[in-house]
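Remarks on the structure that follows.
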Amino acid sequence: MTIGCPECGALDDVPPLAAHALARCRICHYPLERRSGRSVNAALACTTATFVLLLPANLAPLMTVHMLGAQRSSLLSSGIVDMWRGGWLILALLLGAFGIVLPLLRFGGLALVLGAVRSGRHFRGIGTLFRWTIWLDIWAMPDVYLVGCFVGYARVTQNLTGTIGPGGYCFIAAALMSMLTRAALDRRTVWRAIAPEHAPPADEPALSCTVCDRVEPASHEGQPCSRCGLTLRVRKPDAVVRATALSLAALVLTVPANFYPMTLSMQLGRDVPHRIVDGVYQLFHAGLWPLGILIICTSIVIPVGKLAGMAWFVASVMRRSRKHLRAKAHLYRWIDELGRWSNVDVFTIAAFVPLIHFDGLASARPAPGATAFALVVFLTMLASRAFDPRMMWDARERRRS
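Just so you know, we're using numbering that gives the first Met the number 0 here: the sequence shown kicks off at 0 and counts up by one.
Set out below in structure tokens:
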């Protein structure tokens, strides 16, 4: 069974694997197939459980806090709705999509695909639907939202009494099940059930789909993949230009994201601004240093590391560098995967802002730094997806030729 590596473009013959085996690309060591802990049945069970749990998680009370006999309860969407009403439209749209809409779409669609594969009843467009659920994997963030809610709950309960509601427990379970779904999903088995791989043509060049890794004749460039429907390209068009433009836009926004306040808290009739570093200091001061370290990593280290890494990749392609290709491939994989976790800080705002609404006593609302930071995360994620890592390996092929 011949498949194409999505990171270096090499064609690899992958034999049927044993239950706990792992197949890596012979060139870049990308994990092409992993059987350990993966099963269509397990993924279907986890996916269905996640989708079902997300419904009460969105409809039942998430958290409740008490202050001087008054109490405030919130839903999963309360902070996002407050942002929308307060005029923070971009912030509300991004968090609403990542935390509520896209998780429902991803796990609903994935349950449909896995159910069809499990029963053997395929439907038209199943490959396209599975491709979209894979694309939504990094954009659907119930697990990131859960960590944000945990940090927000810890911040609120420093001075107030708080309880977790039924929706909160359902959301905790849904987020954990979503992580189990990612761990249990055997993409290669699902793709083979949709349409098996075939041998590349022996008498003409070949190219591979970057989503399902199916090998097609090079003459099919510009046509949809016969398995997943993605438009086939030898390389992504304008990958370096788009990745550079998105990275530069994110770099510009890092200044207001780090120096402007993320939230404004009203205390005793006056507004108190809170930047990222202020939130970290408060967590350390309250003895919550593990959470402080988490915010430093997700809000400072990862965004800066992503921008530095993208600059390295772009420079490597432009200089046609053949050095450290495997290191770059591993770093690209980490950047593409970890970038979503930078949203912890903005999800924290969505979690605790609706709980701090006690008229005349205390309140909290987003500030310009929150929108700038959310856009930094969004743009860096788009940049890594716009870039084509196979272009770094083209220098290796040029050397051989």
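No residue lacks a Cβ here, since even glycine has one placed at the ideal position from N, Cα and C.
- Assignment of Ile-193 by DSSP, reduced to helix, strand and coil, places it in the helix class.
- Here DSSP, grouped into helix, strand and coil, assigns Gln-70 to strand.
- According to the DSSP assignment, Val-300 belongs to no alpha helix (DSSP H), since it is labelled neither H nor E.
- In the three-state reduction of the DSSP assignment, His-19 falls in the coil class.
- By the Cβ neighbour-count rule, His-65 is exposed, with fewer than 16 other Cβ atoms within 10 Å of its own.
- Of the candidates Arg-395, Ala-382 and Leu-374, Leu-374 places its Cα closest to the Cα of Leu-94.
- In the displayed model, Asp-11 falls within a strand according to three-state DSSP.
- Contact between the stretch 17 to 31 and the stretch 83 to 100 is absent: fewer than 3 CB-CB pairs across the two stretches fall below 8 Å.
- Within the DSSP bridge table, the entry for Gly-3 names Leu-10 as partners.
- The residues Met-309, Phe-312, Val-313, Ala-382, Ser-383, Ala-385 and Phe-386, in chain order, have a CB closer than 8 Å to that of Ala-242 in the same chain once the five nearest residues on each side in sequence are set aside.
- Within the DSSP bridge table, the entry for His-273 names Thr-262 as partners.
- Annotated three-state conformation of Leu-75 is coil, per DSSP.
- A check of alpha carbon separations from Ala-194 across Pro-367, Gly-124 and Leu-10 identifies Gly-124 as the nearest.
- Counting along the chain, Glu-336 sits inside the alpha helix (DSSP H) bounded by residues 324 to 337.
- In the assembly as shown, Asp-212 is a buried residue. Its beta-carbon has 16 or more other beta-carbons within 10 Å.
- Counting only the Cα atoms, Leu-109 lies some 31 Å from Phe-351.
- Its chain contains no residue whose beta carbon lies nearer than 6 Å to that of Val-80 once the 5 sequence neighbours on both sides are disregarded.
- DSSP places Pro-289 inside the alpha helix (DSSP H), whose first and last residues are 288 to 295.
- Contact between the stretch 168 to 176 and the stretch 44 to 54 is present: three or more C-beta pairs spanning the two stretches fall below 8 Å.
- For Val-210, no alpha helix (DSSP H) encloses it, and the DSSP letter there is neither H nor E.
- Within the DSSP secondary-structure output, Pro-204 pairs in no beta bridge.
- DSSP places Ile-171 within a helical segment (H, G or I) once states are collapsed to three.
- The alpha carbon of Leu-324 has as its nearest neighbour, out of Ile-26, Thr-188 and Ile-2, the alpha carbon of Ile-26.
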